[in-house]
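K.L.:
Residue numbers (my numbering), protein chains in the order written: chain A, 1085 to 1219; chain B, 1085 to 1219.
Even for Gly, the Cβ is constructed at its ideal location relative to N, Cα and C.
Sharing a structure below in structure tokens format, with a few things to ask.
Protein chains: 2
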Amino acid sequence: MISTKARYSLRVMVDLAQHQEETYVPLKEIAKRQKISEKYLEIILKMLVKGKIVKGLRGKGGGYRLTRMPKEYTVGEIIELTEGPLSPVACLMPDAETCPRNEECITLPLWKKYNALIHDFFYNITLEDLIAGRF
Amino acid sequence: MISTKARYSLRVMVDLAQHQEETYVPLKEIAKRQKISEKYLEIILKMLVKGKIVKGLRGKGGGYRLTRMPKEYTVGEIIELTEGPLSPVACLMPDAETCPRNEECITLPLWKKYNALIHDFFYNITLEDLIAGRF
DNA sequence: TATAAACCTATTGACATAGTAGGTAAGTAG
DNA sequence: CTACTTACCTACTATGTCAATAGGTTTATA
């Protein structure tokens, strides 16, 4: 299941993209529009800043803004930033040690194909696609 | 993430399919072959029996067997039986109440398409496909 | 009657998720 | 220089799920 963190982060990114004209968008506004608790949003935006896909500015007139154009973000990137690898099974995690049953495992090809499917899907949709409703 | 329960259950079903000639396969044998704890396997097999995709027989000479031909099981069915609905987000769960943000939610179409993708994938692979290594 | 097997109920430890609380640092406006 | 706004930081908590274990009961066969 896609976590709320990942889902919220997507909505936040969309929200920011839709308010690019304002130089910086304060957290409070996003929280109000998206109906997400300010405190919880803090955590999410912290992750986005850390991952450098948004930039934060403190003080009056501060807030958050995108660091790139909406078409330069993929949905997969945003999701993985907030909830970790999209891998559907432990043995396909990026840092996974090779499973001893590797050779004989009859289900492994299935998970590999599923893994590829997920990645292809999410890494081929950009933030702009989302906003434009085309995908 | 696909749970171990679902992954194990798939392997169990494959194992049973590969030993159809023996009328009933005891849990102990499956556990040994698949290197899964007997106690944990009990839980999984209980679910499979409850879902009527395998049949159990008690007493000496007892064990488990499939109730249909391998080509009549889909992978999706087996997974959902042991770990619940494959829906990637709460608002697409079978019993979910309609979200108030339904209309305005810009991410909903994304989840819907993802949901469809997952279902198409898993419900179009049969146990026989898995065993034959074709998919 | 002994044995092999499924079946049943309960419990545990570890971990992740979703969310809250309170305080600190940085920048702007008066 | 002071007040205000805003991001940023650390810690905590309640809830729930997952993976696994333990011990006992019932059913069938030889």
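1. Starting from Lys1139/B, trace the beta strand (DSSP E) in both directions and tell me its first and last residue.
2. Check whether the Cβ of Pro1193/B lies closer than 9 Å to any Cβ atom in chain A.
3. Rounded to whole angstroms, what's the CA-CA distance from Arg1152/A to Thr1107/A? Just pull it up for me.
4. Which residues does DSSP pair with Leu1223/A in a beta bridge?
5. Mind the definition here: the region 1155-1172 of chain B touches the region 1202-1214 of chain B only if three or more C-beta pairs lie below 8 Å; say whether that holds.
6. For Gly1217/B, go through chain A and note every residue whose CB falls closer than 8 Å to its CB, in chain order.
7. Could you tell me the boundaries of the alpha helix (DSSP H) in which Arg1095/B lies?
8. Could you tell me the distance, in whole angstroms, from the CA atom of Ile1190/B to the CA atom of Lys1197/A?
9. Beta carbons nearer than 8 Å to chain A: which residues of the region 1133-1157 of chain B have them?
10. Roughly how many whole angstroms lie between the Cα atoms of Gly1217/B and Val1098/B?
11. How far does the alpha helix (DSSP H) with Leu1194/A in it extend, from its first residue to its last?
12. Note down the Cα distance separating Pro1178/A from Leu1170/A, rounded to an integer number of angstroms.
13. Assess contact between the region 1119-1139 of chain B and the region 1085-1105 of chain B, defined as three or more Cβ pairs (one per stretch) separated by less than 8 Å. Is contact present?
14. What number of angstroms, rounded off, separates the C-alpha of Thr1182/A from the C-alpha of Ile1215/B?
15. Classify Leu1166/B as helix, strand or coil using the three-state DSSP reduction.
16. By a C-beta neighbour count over all protein chains shown, 10 Å radius and 16 as the cutoff for buried, is Pro1172/B buried or exposed?
17. Against chain B, does Leu1201/A count as a neighbour if the rule is that its beta carbon must be under 9 Å from one of theirs?
18. Would you decide whether Gly1145/B is buried or exposed? Buried here means 16 or more other CB atoms lie within 10 Å of its CB.
19. Using a C-beta cutoff of 9 Å, does Met1085/B count as contacting chain A?
20. What in chain A is Cβ-close to Arg1095/B, meaning under 9 Å?
21. List, in order along the chain, the chain A residues whose C-beta lies closer than 7 Å to that of Arg1091/B?
P.N.:
Quick answer:
1. Counting along the chain, Lys1139/B sits inside the beta strand (DSSP E) bounded by residues Val1138 to Leu1141.
2. Closer than 9 Å: yes.
3. Near 13 Å, if we compare the C-alpha coordinates of Thr1107/A and Arg1152/A.
4. Absent from the model: residue 1223/A. The displayed extent of chain A is 1085 to 1219, so no value can be given.
5. The region 1155-1172 of chain B, when compared against the region 1202-1214 of chain B, does touch it at the 8 Å Cβ threshold.
6. Per Cβ cutoff of 8 Å: Ile1190 and Pro1193.
7. According to the DSSP assignment, Arg1095/B belongs to the alpha helix (DSSP H) that extends over Thr1088 to Gln1102.
8. Cα to Cα, the separation comes out at about 28 Å.
9. Per Cβ criterion, the list is empty.
10. Approximately 12 Å, taken between the alpha carbons.
11. Taken as a continuous stretch (DSSP letters only), the alpha helix (DSSP H) holding Leu1194/A covers Leu1192 to Phe1206.
12. Leu1170/A has its alpha-carbon roughly 10 Å from the corresponding atom of Pro1178/A.
13. By the Cβ criterion, the region 1119-1139 of chain B is in contact with the region 1085-1105 of chain B, since at least three pairs of Cβ atoms, one from each stretch, lie closer than 8 Å.
14. In a straight line, the C-alpha of Thr1182/A is about 22 Å away from that of Ile1215/B.
15. The amino acid at residue 1166/B is misidentified as Leu; the sequence shows Thr. Shown here, Thr1166/B sits in a helix according to DSSP, grouped into three states.
16. Answer is buried; the Cβ neighbour count reaches 16.
17. Judged by the 9 Å Cβ criterion, Leu1201/A is in contact with chain B.
18. Under a 10 Å Cβ-count criterion, Gly1145/B is classified as exposed, with fewer than 16 other Cβ atoms of the shown protein chains found around its own Cβ.
19. At least one chain A Cβ lies under 9 Å of Met1085/B.
20. For the C-beta of Arg1095/B, the chain A residues within less than 9 Å are, from N- to C-terminus, Cys1189, Ile1190 and Thr1191.
21. Simply Val1173 and Thr1191.
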